[in-house]
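J.:
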Amino acid sequence: MLLLQLEPLSRPVAITEMLILLAAAAFVGWLLARMIISGRISGLRASIAERQAELDDCRASRVVTAPVRAAAPIISNFSTPVSPVMPVPAKTARVAAVPPIQSAADNLKLIEGIGPKIEELLNADHIRTFAKLAATDPQHVATLLDAAGARFQIHDPATWPQQAAFARDGKWDELKVLQDRLTGGRG
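All the letters of the sequence shown, read from the start, carry residue numbers 1074 to 1260 under the working numbering.
(1) Report yes or no: do three or more beta-carbon pairs, one from the region 1237–1253 and one from the region 1202–1221, lie closer than 8 Å?
(2) Measure the alpha-carbon distance for phenylalanine 1225 versus threonine 1232 and round it to whole angstroms.
(3) Decide if aspartate 1179 is buried, meaning its Cβ has at least 16 other Cβ atoms within 10 Å, or exposed.
(4) Have a look at alanine 1087 and tryptophan 1103 and give me their C-alpha separation to the nearest angstrom.
(5) Under a Cβ-count criterion, where at least 16 other Cβ atoms within 10 Å of its own Cβ denotes burial, should threonine 1089 be classed as buried or exposed?
(6) Is it buried or exposed, threonine 1202, if we count other Cβ atoms within 10 angstroms and call 16 or more buried?
(7) Would you please state the rounded distance, in angstroms, between the beta carbons of leucine 1217 and histidine 1228? I believe it to be under 8 Å.
(8) Please state the DSSP three-state secondary structure of alanine 1221.
(9) Glutamine 1252 to leucine 1181, Cα distance in whole Å?
(10) Smallest Cα separation from isoleucine 1184: which of Leu1092, Ile1114, Phe1100 and Val1250?
(11) Spatial neighbours of leucine 1195 within its chain, please: CB distance less than 8 Å, with the 5 preceding and 5 following residues excluded, ordered by chain position.
(12) Kindly indicate the opening and closing residues of the alpha helix (DSSP H) around threonine 1089.
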């Protein structure tokens, strides 16, 4: 043991001892950090694998398999036909299910007696257009209003289908004349 025979307070020996202790502390710190971080990484990898399995299950439940027809090749002046699309390796491809297209909602608040909250009630019952409101029985609308509570029960939807029919057909002058006769949607 050469270090034990040296004078511990001499400057070169003290610096060497400090460097050795510093290197040992750095190594121990690195070792602890590596163990802690590797534990966190493995936990994150397990979490990612769980989320990936959930995502795959979700995608599988929302995907429909549909046959894909190959596009006709484009014939050109070259000796080989050129395909307009990349070839599909499988005979079927997965196509995501598309929800049905809904028509754009009309501004039902143009009907005398319908405000924002009543429009929300009608939209919740899939009445989003003038055409749908014109075809709806006023008694059905009255039932919706009664179910919504006391503040909606005071409204009378008797003229709403007629007003909606004018709006649907673009008869804005007739609608205006009718609305001038009404008070809060009532005749």
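Just so it is clear, CB atoms sit at the ideal spot from N, CA and C, and this is done for glycine as well.
Just so it is clear, the structure is predicted and the values come from calculations on it, not from any experiment.
T.: With the structure as the only source:
(1) yes
(2) Here the question's residue 1225 lines up with position 152 in the sequence shown. Here the question's residue 1232 lines up with position 159 in the sequence shown. Roughly 16 Å separates the two Cα atoms.
(3) By 1-based counting over the sequence shown, the position of residue 1179 is 106. By the 10 Å Cβ count, aspartate 1179 comes out buried.
(4) Taking the sequence shown and counting its residues from 1, one reaches residue 1087 at position 14. Taking the sequence shown and counting its residues from 1, one reaches residue 1103 at position 30. Looking at the two C-alpha atoms, the distance is approximately 24 Å.
(5) The count along the sequence shown starts at 1 and reaches residue 1089 at position 16. With fewer than 16 other Cβ atoms within 10 Å, it is exposed.
(6) Residue numbering aside, residue 1202 sits at position 129 when the sequence shown is read from its first letter. The residue is buried, with at least 16 neighbouring Cβ atoms inside 10 Å.
(7) Residue 1217 sits at position 144 when you count from the first residue of the sequence shown. Residue 1228 sits at position 155 when you count from the first residue of the sequence shown. Not really, about 10 Å apart at Cβ, beyond 8 Å.
(8) Start at 1 with the first residue of the sequence shown, and residue 1221 comes out as number 148. Helix, per DSSP.
(9) Counted from its first residue, the sequence shown places residue 1252 at position 179. Counted from its first residue, the sequence shown places residue 1181 at position 108. Straight-line Cα distance between these residues: approximately 14 Å.
(10) Locating residue 1184 in the sequence shown gives position 111, counting from the first residue. Considering only alpha carbons, the answer is Val1250.
(11) Reading the sequence shown from its first residue, position 122 is the one you call residue 1195. Result list for leucine 1195: Leu1181, Ile1187, Arg1201, Leu1206, Val1214 and Leu1217, in chain order.
(12) The count along the sequence shown starts at 1 and reaches residue 1089 at position 16. Threonine 1089: member of the alpha helix (DSSP H) spanning 1084–1135, first to last residue.
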